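Reading through the structure tokens given below for one structure.
Next comes the structure, spelled out in structure tokens:
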């Protein structure tokens, strides 16, 4: 698994090498599909009136004489509204959230343990998108004009200034028959409790609490393209890509949890009453520069995903997780069980390893163990795990070599059988006799025509699992290793891709290829390293590090194997056949 197998290593001069070539081409197509997958332009949004007024800090509120609206939902006797904007800041060891009373929503959500690309504390609020489509903890209603009113309303906060969790902040608003109350409670975790009650002209109003505008760590098209809508219904988790989400589409529950996430962070609602929960998917567009370093350059539409969760026809009480997609953290956040306790399914499935998750997740747990117990650096941990996997996969490499050697020994007899029947057309029944003779020959000599391919069927899924693992875990984000300052990003100096090309060429050069046409052998030895090297040019440096070091190990392994009796036999066969085809004397590489 830790190698890119040389298609030349198979036995036969025809079918077997073509079979291995097909396997390699399938592998290339699989990686190309992933590497060049880009964000697709989403469907035209069903509604674009979700723009919200951008809150700004100002003087402390001056509260007009007012009384709270009755909990029965009757119209308030007096208005409850602030006369000026104000801010309330709530923080604990993990975050620092800044609320504006304009809309009673969050205008900044800083995670203290994470940095942005400029090295500053990461703000999960996407400022540009939020100014256009709404800020976190705004309210979403089916009436677009009402959404605007709620986003611009000046709520009366229960406290202003600085608060330290545990704390509770209440925002009240009552005017022109519209009465809304938001209650946010904070503790020492990434989870806060929310409660919303809303009435319009004395009737309960469906007002869903929303995280509408993506995340602040999104800067490039690939960042936005990896957004997803996450949900769990009846203990079954789903992750929906942007192209499957229509703007304003209602997705009825029950929901154990539902929300939105990007590659590394998530905002997930956990209803206190899952059976009554409703979610509305939010999907808008934002024009962003193709190259973030050239903000005035060409722009492309990026999908902006969000979610609004609550209860149809009334207020909603629910928890909200906003934080990193760290396995242990996600496992600690559990949905509400029927008994009312937080003992239901966890939100871990928002960390989406894809189809190969059953391989990728165990690989990450092993990598994390290496990092925690052996080497406290993620780059070195990758190298240690690569070495361990390469040693574990060495028997498959030996098996492939043995299979190729057996095939080469019987190749002259197989060619003689083919020569005997070549005058018959492919549709001639006597062709079946040829296939039977070849099968009997292989069986008699203990040759398995798939012996060289089956080990690759083990290696490729493992390699792809490694790809999914290294490309999804937040632990590699901004992890350092020598000149690399972010193992989740491409090597800025392209040292690793170049080193990968060189080492892969050495693997090709050292691997015996008996029966391979010299022209084809030369083509494969030069073009495959360049092609795969081009693929690694823009891959995360953590994956390229793994791949390049795998090549180094393979070079050492192959050099040792070439000095064994089996290796010498294969090189002698290769030399004899090359000499026969070339009409001259072939020197055996030592």
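Numbering (the working numbering), first residue to last: 247 to 836. Yeah, the Cβ is synthetic: ideal placement off N, Cα and C, and Gly gets one too. These numbers come from a predicted model, not from an experiment.
Exposed or buried, what is residue i when buried is set at 16 or more other beta-carbons lying within 10 Å of its beta-carbon?
{"i": "residue 417", "result": "buried"}
{"i": "residue 308", "result": "Residue placement at residue 308 is flagged as unreliable, the pLDDT there being 35, under the threshold of 50; the coordinate-derived value follows with that caveat. Exposed, because fewer than 16 other Cβ atoms sit within 10 Å of the Cβ of residue 308."}
{"i": "residue 721", "result": "buried"}
{"i": "residue 540", "result": "exposed"}
{"i": "residue 565", "result": "buried"}
{"i": "residue 369", "result": "buried"}
{"i": "residue 531", "result": "buried"}
{"i": "residue 657", "result": "buried"}
{"i": "residue 780", "result": "exposed"}
{"i": "residue 504", "result": "buried"}
{"i": "residue 671", "result": "exposed"}
{"i": "residue 463", "result": "buried"}
Measure the C-alpha to C-alpha separation of residue i and residue j and round it to an integer number of angstroms.
{"i": "residue 814", "j": "residue 808", "result": "6 angstroms"}
{"i": "residue 188", "j": "residue 538", "result": "One cannot answer for residue 188 here, as it falls past the ends of the chain, which runs 247 to 836."}
{"i": "residue 575", "j": "residue 633", "result": "29 angstroms"}
{"i": "residue 605", "j": "residue 735", "result": "22 angstroms"}
{"i": "residue 707", "j": "residue 602", "result": "8 angstroms"}
{"i": "residue 778", "j": "residue 819", "result": "29 angstroms"}
{"i": "residue 430", "j": "residue 516", "result": "14 angstroms"}
{"i": "residue 363", "j": "residue 467", "result": "15 angstroms"}
{"i": "residue 391", "j": "residue 385", "result": "12 angstroms"}
{"i": "residue 371", "j": "residue 750", "result": "43 angstroms"}
{"i": "residue 726", "j": "residue 622", "result": "11 angstroms"}
{"i": "residue 330", "j": "residue 624", "result": "49 angstroms"}
{"i": "residue 802", "j": "residue 367", "result": "44 angstroms"}
{"i": "residue 365", "j": "residue 773", "result": "40 angstroms"}
{"i": "residue 444", "j": "residue 558", "result": "11 angstroms"}
{"i": "residue 649", "j": "residue 709", "result": "22 angstroms"}
Who are the Cβ neighbours of residue i in its own chain at under 6 angstroms, not counting the five residues just before and after it?
{"i": "residue 502", "result": "478, 520, 581, 590 and 591"}
{"i": "residue 556", "result": "454, 455 and 562"}
{"i": "residue 598", "result": "485"}
{"i": "residue 424", "result": "446"}
{"i": "residue 627", "result": "613, 616, 617 and 621"}
{"i": "residue 375", "result": "459, 460, 532 and 550"}
{"i": "residue 426", "result": "419 and 444"}
{"i": "residue 403", "result": "334, 347 and 417"}
What does residue i pair with, by DSSP beta-bridge criteria?
{"i": "residue 580", "result": "592"}
{"i": "residue 484", "result": "477"}
{"i": "residue 341", "result": "357"}
{"i": "residue 372", "result": "The partner list for residue 372 (beta bridge, DSSP) is empty, contrary to what the question assumes."}
{"i": "residue 531", "result": "549"}
{"i": "residue 730", "result": "727"}
{"i": "residue 666", "result": "Bridge partners of residue 666: none, in fact."}
Keeping to the same chain, check which residues put their C-beta closer than 8 angstroms to that of residue i; ignore five residues upstream and five downstream.
{"i": "residue 542", "result": "535"}
Report yes if the CB atom of residue i is closer than 7 angstroms to the CB atom of residue j, and no otherwise.
{"i": "residue 659", "j": "residue 613", "result": "no"}
{"i": "residue 794", "j": "residue 742", "result": "yes"}
{"i": "residue 523", "j": "residue 499", "result": "yes"}
{"i": "residue 381", "j": "residue 351", "result": "yes"}
{"i": "residue 473", "j": "residue 483", "result": "no"}
{"i": "residue 437", "j": "residue 567", "result": "yes"}
{"i": "residue 756", "j": "residue 821", "result": "no"}
{"i": "residue 347", "j": "residue 411", "result": "no"}
{"i": "residue 663", "j": "residue 679", "result": "no"}
{"i": "residue 616", "j": "residue 631", "result": "yes"}
{"i": "residue 493", "j": "residue 529", "result": "yes"}
{"i": "residue 460", "j": "residue 550", "result": "yes"}
{"i": "residue 585", "j": "residue 458", "result": "no"}
{"i": "residue 328", "j": "residue 400", "result": "yes"}
{"i": "residue 414", "j": "residue 332", "result": "no"}
{"i": "residue 421", "j": "residue 325", "result": "yes"}
For residue i, collect the residues of the same chain with a Cβ closer than 7 angstroms to its Cβ; drop the 5 residues on either side in sequence, then sort them by chain order.
{"i": "residue 719", "result": "610"}
{"i": "residue 342", "result": "335, 356 and 358"}
{"i": "residue 740", "result": "783"}
{"i": "residue 737", "result": "730, 743, 787 and 790"}
{"i": "residue 651", "result": "812, 815 and 816"}
{"i": "residue 775", "result": "747, 750, 751 and 754"}
{"i": "residue 571", "result": "507, 510, 511, 512, 596, 597 and 720"}
Any chance the CB of residue i is under 6 angstroms from a heavy atom of the ligand NAP?
{"i": "residue 451", "result": "What this structure holds is no ligand at all, so the ligand NAP is not there to describe."}
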